[in-house]
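Q:
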Amino acid sequence: PIRRQGRGSRGPAAAAGAPAGRRYVARRVLASDVQVIEALRALSAAYAAGVDRRDASLVRSCFAPDAHLVVRGRDGARPLPERRRTGRDEIGGIATSIARYRRTFHLVGQSRYVLEVDAGRATGEVYCEAHHHAVDDEGIVVDRVLYIRYQDTYARADDWLITERIVAVDWAVDVPLGPLGDDPAPA
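In the numbering used here, the protein residues as written are 699 to 885.
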């Protein structure tokens, strides 16, 4: 669902779980919104590919120079420690820090946006299922699956960029995959 700020909508129901102060309203997508929506979705796809390929320059290209990224959430009943990165270069370092996993796979899912195209701003929520393969102390490959919502703020200068990303981890699960010998080396 998309909502354009400052215009009427066809459906008043706010989506459950919308970030504080944001209201997502289902309505017909305007043809003029499609390019913006695709540009915003492409940022999340590029970020996921950059992380999975350990490509710091691709990760950095998704963010404004002074952007902020905050990771917060829960691991079962236990809150995760909040982690912050500020600036495009520090955020690009995610590609290096994620290398402690044998492989990762970020599957970007549904998304919804509030567009303020004339003002060059937008907000969005993008769902992601993130797999992280590691080897435990007993030599078993474990898939650490994180169920994430990226709560993003965007700005447009020449192109759309992420100015703030909150990585909201809703929950995580560890799935044993088998002995290390059964897991082929990352491609």
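Each residue gets a CB set at the ideal place from its N, CA and C atoms; glycine is no exception.
Please read all numbers here as calculations on a predicted model, not as lab measurements.
Considering only DSSP beta bridges, list what residue 809 is partnered with.
A: Translated into the one-based positions of the sequence shown, residue 809 becomes position 111. Partner(s): 824.
Q: Could you check if residue 749 is buried or exposed, using at least 16 other CB atoms within 10 Å of its CB as the buried criterion?
A: As a working mapping, residue 749 is identified with position 51 in the sequence shown. Buried, by the Cβ-count rule.
Q: DSSP has residue 854 in a bridge; who is on the other side?
A: Taking the sequence shown and counting its residues from 1, the one referred to as residue 854 is at position 156. Answer by DSSP bridge pairing, in chain order: 858.
Q: How big is the Cα-Cα spacing for residue 823 and residue 878?
A: Here residue 823 is taken as the residue at index 125 of the sequence shown, counted from 1. Here residue 878 is taken as the residue at index 180 of the sequence shown, counted from 1. About 36 Å.
Q: If you compare alpha carbons, which of 754, 731, 759 and 732 is closest to residue 741?
A: Sequence index remark: in the sequence shown, residue 741 carries index 43 (1-based). Cα-wise, what sits closest to residue 741 is 759.
Q: Give me whichever residues DSSP pairs with residue 776 in a beta bridge.
A: Here residue 776 refers to the residue found at position 78 of the sequence shown. For residue 776, which the question treats as bridged, DSSP gives the partners 773.
Q: Touching or not, the region 846-855 and the region 813-829, by the rule of three or more beta carbon pairs under 8 Å?
A: At 8 Å Cβ cutoff, the stretches touch.
Q: Our contact map puts residue 865 next to residue 848 with C-beta atoms below 8 Å; I'd like the distance itself, whole angstroms only.
A: The residue you call residue 865 lines up with position 167 of the sequence shown. The residue you call residue 848 lines up with position 150 of the sequence shown. Correct: roughly 6 Å between the Cβ atoms.
Q: When you compare each of 772, 784, 778 and 757 to residue 765 by their alpha carbons, which one comes out closest?
A: For the purposes of this step, residue 765 is identified with residue 67 of the sequence shown, where counting begins at 1. The closest CA to that of residue 765, considering only 772, 784, 778 and 757, is found on 784.
Q: Could you tell me which of 831, 798 and 796 sits nearest to residue 875, measuring between CA atoms?
A: On the sequence shown, residue 875 is found 177 positions in, with the first residue counted as 1. Of the candidates 831, 798 and 796, the one whose C-alpha sits nearest the C-alpha of residue 875 is 831.
Q: What's the gap between the Cα of residue 787 and the Cα of residue 755?
A: Taking the sequence shown and counting its residues from 1, the one referred to as residue 787 is at position 89. Taking the sequence shown and counting its residues from 1, the one referred to as residue 755 is at position 57. Cα to Cα, the separation comes out at about 9 Å.
Q: Going by the beta-carbon positions, is the gap between residue 768 and residue 751 smaller than 8 Å?
A: By one-based count along the sequence shown, residue 768 stands at place 70. By one-based count along the sequence shown, residue 751 stands at place 53. It is not a contact, given that the beta carbons lie outside the stated cut-off.
Q: So is residue 869 buried or exposed if we call it buried at 16+ other beta carbons inside 10 Å?
A: Residue numbering aside, residue 869 sits at position 171 when the sequence shown is read from its first letter. That one is exposed.
Q: Taking a contact to mean a Cβ-Cβ separation below 8 Å, would you say residue 771 touches residue 867 in this structure?
A: Indexing the sequence shown from 1 puts residue 771 at position 73. Indexing the sequence shown from 1 puts residue 867 at position 169. Going by C-beta atoms, residue 771 is nearer than 8 Å to residue 867.
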